[in-house]
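Participant: Okay, so the sequence shown: first residue is 1 according to the UniProt record's numbering, each after it adds one. Yeah, the Cβ is synthetic: ideal placement off N, Cα and C, and Gly gets one too. Pasting a structure below so you can have a look.
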Amino acid sequence: MPANKKHSRRIDRTKAFQVLYSLHFTQINTIETLKEIFLNLPNPLEERNTGIITELDTQISFSWQLVEGVWRNVTRLDKIISQFSQNWRVDRLGKIELTLLRIATFEMYYCPDVPPKVSLNEALELATCFGDEKARKFINGILDAIIKAIETEKINYIDKN
Numbered sequence: 001m002p003a004n005k006k007h008s009r010r011i012d013r014t015k016a017f018q019v020l021y022s023l024h025f026t027q028i029n030t031i032e033t034l035k036e037i038f039l040n041l042p043n044p045l046e047e048r049n050t051g052i053i054t055e056l057d058t059q060i061s062f063s064w065q066l067v068e069g070v071w072r073n074v075t076r077l078d079k080i081i082s083q084f085s086q087n088w089r090v091d092r093l094g095k096i097e098l099t100l101l102r103i104a105t106f107e108m109y110y111c112p113d114v115p116p117k118v119s120l121n122e123a124l125e126l127a128t129c130f131g132d133e134k135a136r137k138f139i140n141g142i143l144d145a146i147i148k149a150i151e152t153e154k155i156n157y158i159d160k161n
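As structure tokens, this is what we get:
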């Protein structure tokens, strides 16, 4: 993957994290409201370089795919996460950890073009930015267990329909 695409995807995940994290503090009932929140959140790339329209368009599409996908599938994602978070109920997880786990789990199950290890590593990078070392280790343990289950075919990619 070219460095530019890798950088863009990290920015995509950052924006998705910010939107999805904010949903812990507000009730969203419609996709239109979710879109409004998404579009009104400042774009990290705009702050760095306001002249790159094509990259902004690309970022919006992948960021939106993550935000919409996690929002629509939150119950399924939480069920998967709870299978691998030994002795931790999903409602007891920290908001940062839960948001990062949801994004990475969504990618692992619904984005077959993204290798699961990439999803894990990106979640760990975001955990470094937004969480602490304990959060990073916790996220690593759960996502690593999910990856092993995928690799041994104990669980499969989820049908998108």
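Could you tell me the alpha carbon to alpha carbon distance between Val19 and Asn73, rounded to whole angstroms?
Facilitator: 15 Å
Participant: Three-state secondary structure (DSSP) at Asn140?
Facilitator: In the three-state scheme derived from DSSP, where H, G and I count as helix and E and B as strand, Asn140 is classed as helix.
Participant: Between the region 141-151 and the region 95-109, are three or more C-beta pairs nearer than 8 Å?
Facilitator: yes
Participant: Output the distance between the C-alpha atoms of Gln27 and Arg9, rounded to the nearest integer angstrom.
Facilitator: 27 Å
Participant: Only counting the same chain, and skipping five residues up and downstream in sequence, which positions put a Cβ closer than 8 Å to that of Val70?
Facilitator: Ala16, Leu20, Leu77, Arg102, Ile103, Phe106
Participant: Among Phe138, Thr152, Ile37, which one has its Cα closest to the Cα of Asn87?
Facilitator: Phe138
Participant: Would you say Gly131 and Ile96 are within 7 Å of each other, going by their C-beta atoms?
Facilitator: yes
Participant: Closer than 6 Å by C-beta to Ser85: which residues in its own chain qualify, once you throw out the five before and the five after it? Chain order, please.
Facilitator: The residues are Ile142.
Participant: In terms of residues, what are the limits of the alpha helix (DSSP H) holding Asp78?
Facilitator: Looking at the DSSP string, the run of the alpha helix (DSSP H) that includes Asp78 is 74-84.
Participant: Report the start-end ranges of each alpha helix (DSSP H) in the region 103-141 that is 4 residues or longer and not cut off at the edges.
Facilitator: 116-130
Participant: So, for Gly94: in the same chain, excluding its five sequence neighbours on each side, which residues have a beta-carbon less than 8 Å away from its beta-carbon?
Facilitator: Excluding residues within five positions, the ones whose Cβ falls inside 8 Å are Gly131, Ala135.
Participant: Consult DSSP for Arg89 and reduce its assignment to one of helix, strand or coil.
Facilitator: coil
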